[in-house]
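Novice: Below: one structure in structure tokens.
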Amino acid sequence: MDSKEIQALIKFVVKSGAQEVSLETEEFKINIKTASGALEPQTSYIQTIAPQQSMPVAPAQVAAVEEAEENANYITVKSPMIGTFYRSQSPEHDVFVKVGDTIGEGDVLCIVEAMKLFNEIESEVSGTIVKVLVDDKSPIEYDQPLFLVDPS
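Each step along the sequence shown adds one to the number in our numbering, with nothing skipped, and position 101 is 564.
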């Protein structure tokens with residue numbers, strides 16, 4: 464089994480919603496665990512049968528796992544509609560929020576343009592903006608993550 468097949472298996476397991484999958488042959492053993500509701504595997508490794516050792520699937524997978532664990536304590540603000548994401552009301556104005564800003568319920572976070580209507584997206588939580596996940600003037604999808612907010 465090569466690395467592309469392993470990565471395809473990991474993606475399949477994550478999309479299926481399974482919590483854990485194990486696959487064992489004479490040459491290797493693969494155990495994939497996912498956090499419930501997570502988009503990336505929480506842990507994944509290959510254990511070769513001879514010699515006995517464990518190694519990461521790929522450095523990119525390890526980075527994704529670490530990022531998913533790091534973001535587990537944050538609230539993700541998602542887009543309520545399809546459209547174009549704008550961080551400010553016009554190019555001359557400052558952005559509504561930036562990393563490190565404290566926000567409250569009802570604060571405007573961004574604007575989503577849909578069918579020539581400009582919709583202000585308000586926060587449903589209080590906290591601190593940790594990360595902006597979308598570039599200004601980018602097309603976005605329904606339920607796409609836009610911001611990470613630390614509720615503490």
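Even for Gly, the Cβ is constructed at its ideal location relative to N, Cα and C.
(1) Please classify L580 as buried or exposed, where buried requires at least 16 other C-beta atoms within 10 Å of its C-beta.
(2) Classify G569: buried if its beta carbon has 16 or more other beta carbons within 10 angstroms, exposed otherwise.
(3) Out of D557, V575 and V484, which has the shortest C-alpha to C-alpha gap to L609?
(4) Taking 8 Å as the threshold (C-beta atoms), are L611 and Y537 in contact?
(5) What does a CB cutoff of less than 7 Å around V558 pick up in its chain, not counting 5 residues either side in sequence?
(6) If we ignore side chains and look at the alpha-carbon of each, how far apart do E583 and V593 end up?
(7) Note the first and the last residue of the continuous beta strand (DSSP E) segment covering Y537.
Specialist: In terms of the structure at hand:
(1) Exposed, since its Cβ has fewer than 16 Cβ neighbours within 10 Å.
(2) Burial call: exposed.
(3) Closest option to L609, Cα to Cα, is V575.
(4) Y537 places its beta carbon less than 8 Å from that of L611.
(5) Excluding positions up to five away in sequence, the list reads R550 and S551.
(6) V593 has its alpha-carbon roughly 20 Å from the corresponding atom of E583.
(7) Note, Y537: premise wrong, no beta strand (DSSP E); not H, not E.
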